[in-house]
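Novice: Please find one structure pasted underneath; my questions will follow.
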Amino acid sequence: MDVLLALGLVILLFVILGSGVWIGLSLLAVGMIAMEFVSSRPVGDGMSLTIWGATSSWTLTALPLFLWMGEILFRTKLSEDMFKGLAPWFNRLPGRLLHVNVIGSTIFAAVSGSSAATCATIGRISLPELRKRGYPESLAVGTLAGAATLGLLIPPSIIMIVYGVAADVSIAKLFIAGVVPGLFLATLFMGYIMIWSLLNKDKVPQAEDELSLGQKIYASRHLIPVVALIAAVLGSIYSGVATATEAAAIGVLGSFAISAIEGSLSWKAVKEGLVGACRVYCMIGLILAGAAFLTLAMGFVGLPRHLAEFIGALQLSPLALVLALTVFFLILGCFLDGISMVVLTIGVLMPTVQAAGIDLIWFGIFVVLVVEVAQITPPVGLNLFVLQGLTGHQITYLARTVMPMFLLMLGAVLVIFFFPDLVLWLPRNM
């Protein structure tokens, strides 16, 4: 009976989501229905206590601050200057300026923590430039969609904060653990660009006049503010001077200071940035609240116990478990965004993961990496929606262009499984 009820609730959730109701409200509605069926506890009491517990964590306050920092950078000259500083260094590399998508996304990911913000910011800078210079549209869009997901993996990462709170693991260690996999994934993307460009030389514009080393270094002065902000945010965390929340506050102050020094800070930018950060955080907060309450309701239904028993009965090896969870998250990614995927599933999966002997720091990076893949899978691939707004292309076209990045990211999942020290070496030695 419990299994049938749980299945019915899952189907009901997908029906409500498919009707266009906000994700957070959909989760709350299904939780309320479940509580009415399986618990004598007053629904209002359970809802209020659960929502308060899910949204009142001090660690979670880092989330709106990082969002605000990203919004400030998005609306000032800092992001535009980054392209100017990077472009001269890739003139002789196969693929040339297409690499700016990857490097730019990697750098901006280290100061924004958001995949969507990275995609929107780098897309507004790079896509017009790449079109003007005659680069193939499909490769420009596809590499941007894939590289922008690094906003989730390169610290500071919003979704790592959510996972750390849900799984009760060190956010600082999660941030450190994401560095090497993030750089590894960026290297894979750049490798693909180089191989594609060598095989399709006629589709890539000819190299421009080569600048001297001195000219390149002079152009790189535009990168100094970005590098300084990254050093301030990540350095304060890794040195132990600041917590994730305090580092986020440092990032906000630093972005204000740099924007003011460059003369691009205005009251309009401050107001729009604050409103944008509040709007995104309210959306995420509602999802967190709804997912926490639905998790409570599913606990009363018995879904965690049944799921653990089912997976335990299968006696999966660690590899088979990781593959099964990869498929599980990719299916969820077709319907839910990354934040709700993490909050809704971590509490249910944690006993099984711990029983399999999987390190929780490693599992956090695995989850983030798989959620990254879900950011570029239709119909709820957030990066695809952002790119659709930027380019006007159909989702089906965007999904085709990003398929190579999708396969590379799935390959990266297997690599970190067979070589877990790519994730765990830095946290163990810092």
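Quick note, the sequence shown lines up with residues 7 to 436 if you use our numbering.
For every residue, glycine included, the Cβ atom is placed at its ideal position computed from N, Cα and C.
Counting Cβ pairs closer than 8 Å, one from the region 321-337 and one from the region 390-406, do we hit at least three?
Specialist: no
Novice: Quick one: what does DSSP say VAL247 is sitting in, helix, strand or coil?
Specialist: In the structure shown, the three-state DSSP call for VAL247 is coil.
Novice: When the distance is taken between beta carbons, is SER242 closer than 7 Å to ILE264?
Specialist: no
Novice: Taking its Cβ as the centre, do 16 or more other Cβ atoms sit within 10 Å of GLU42, making it buried, or is it exposed?
Specialist: exposed
Novice: Classify TYR141 as buried or exposed, calling it buried when 16 or more other Cβ atoms lie within 10 Å of its own Cβ.
Specialist: buried
Novice: Output the distance between the C-alpha atoms of LEU375 and ALA153, rounded to the nearest integer angstrom.
Specialist: 12 Å
Novice: What residue range does the alpha helix (DSSP H) around PRO433 cover?
Specialist: 427-434
Novice: Under a Cβ-count criterion, where at least 16 other Cβ atoms within 10 Å of its own Cβ denotes burial, should VAL232 be classed as buried or exposed?
Specialist: Its Cβ being crowded by 16 or more others within 10 Å, VAL232 is buried.
Novice: DSSP three-state label for MET7, please.
Specialist: Residue confidence for MET7 is low, a pLDDT of 48 falling below 50, so the modelled location carries little weight; the figure read from the coordinates is stated next. MET7: coil per DSSP, three-state reduction.
Novice: What does the alpha-carbon distance come out to for the pair PHE372 and LEU390?
Specialist: 22 Å
Novice: Buried or exposed: SER25, going by 16 or more other Cβ atoms within 10 Å of its Cβ?
Specialist: exposed
Novice: For GLY188 versus LEU156, is the C-beta spacing smaller than 7 Å?
Specialist: For GLY188 and LEU156, yes; Cβs fall inside 7 Å.
Novice: Taking three-plus beta-carbon pairs below 8 Å as touching, is the region 59-66 in contact with the region 194-204?
Specialist: These segments do not touch.
Novice: Give me the Cα-Cα distance between TRP58 and ALA68, rounded to the nearest whole angstrom.
Specialist: Whole-angstrom Cα-Cα distance: 17 Å.
Novice: Touch check for the region 38-57 and the region 288-302: three-plus C-beta pairs under 8 Å?
Specialist: yes
Novice: For LEU489 and TRP368, what's the separation of their Cα atoms in angstroms?
Specialist: The chain is shown only over 7 to 436; residue 489 falls outside these bounds and no answer can be derived.
Novice: In angstroms with no decimal places, state the Cα-to-Cα distance between TRP95 and TRP202.
Specialist: 19 Å
Novice: Sorted by chain position, which residues of the same chain lie with C-beta nearer than 7 Å to TYR244's C-beta, five sequence neighbours on each side aside?
Specialist: ILE182, MET436
Novice: So the candidates are VAL429, THR351, PRO324, LEU322; which of them puts its Cα closest to the Cα of LEU336?
Specialist: Nearest C-alpha to LEU336: THR351.
Novice: How far does the alpha helix (DSSP H) with LYS207 in it extend, from its first residue to its last?
Specialist: Careful: LYS207 lies outside any alpha helix (DSSP H) and carries neither H nor E.
Novice: Could you please give the first and the last residue of the uninterrupted alpha helix (DSSP H) stretch that includes ARG227?
Specialist: Per DSSP, ARG227 belongs to no alpha helix (DSSP H) and is neither H nor E.
Novice: Which two residues bound the contiguous alpha helix (DSSP H) that contains LYS274?
Specialist: 273-307
Novice: With a threshold of 16 other CB atoms inside 10 Å of the CB of ARG137, please say whether the residue is buried or exposed.
Specialist: Within 10 angstroms of the beta-carbon of ARG137 lie fewer than 16 other beta-carbons, which makes it exposed.
Novice: With a CB to CB cut of under 8 Å and the five nearest residues on each side skipped, what residues in its chain are close to VAL186?
Specialist: Answer for VAL186: LEU428, VAL429, TRP431, LEU432, listed in chain order.
Novice: Relative to the alpha-carbon of ILE199, which residue among LEU99, GLY52, PRO357 has its alpha-carbon at the smallest distance?
Specialist: Nearest to ILE199 by alpha-carbon distance, out of LEU99, GLY52, PRO357, is LEU99.
Novice: Please work out which residues of its chain come closer than 6 Å, Cβ to Cβ, to ILE290, disregarding the five sequence neighbours upstream and downstream, and give them in chain order.
Specialist: ILE345
Novice: Let me check understanding here. Comparing Cα to Cα, which of GLY148, PRO357, LEU18, ARG139 lies closest to ILE382?
Specialist: GLY148
Novice: So, with DSSP's three-state summary, where would you put ASN97?
Specialist: coil
Novice: TYR403: beta carbon under 6 Å from a heavy atom of the ligand ADP?
Specialist: As for the ligand ADP, it is missing from this structure, which has no ligand bound.
Novice: Of all the options LEU404, SER323, MET356, SER144, which has the alpha carbon lying nearest to the alpha carbon of PHE423?
Specialist: SER323
Novice: Out of ILE223, GLY101, LYS274, THR251, which one is the CA nearest neighbour of LYS479?
Specialist: An answer regarding residue 479 cannot be provided, because it is not within the stretch 7 to 436 covered by the chain.
Novice: Helix, strand or coil, according to DSSP, for TYR169 in the structure here?
Specialist: Reduced to three states, the DSSP call for TYR169 is helix.
Novice: Under the assumption that LEU133 contacts LEU145 (Cβ atoms under 8 Å), give the Cβ distance between them as a whole number of angstroms.
Specialist: Actually they do not touch by this definition, with Cβ atoms about 12 Å apart.
Novice: Quick one: which unbroken beta strand (DSSP E) runs of 3-plus residues sit fully inside the region 30-83? Chain order, please.
Specialist: Here no run is fully enclosed.
Novice: Would a C-beta distance cut-off of 7 Å place ALA418 and LEU271 closer than the cut-off?
Specialist: no
Novice: For ILE113, which of helix, strand or coil comes out of DSSP?
Specialist: helix
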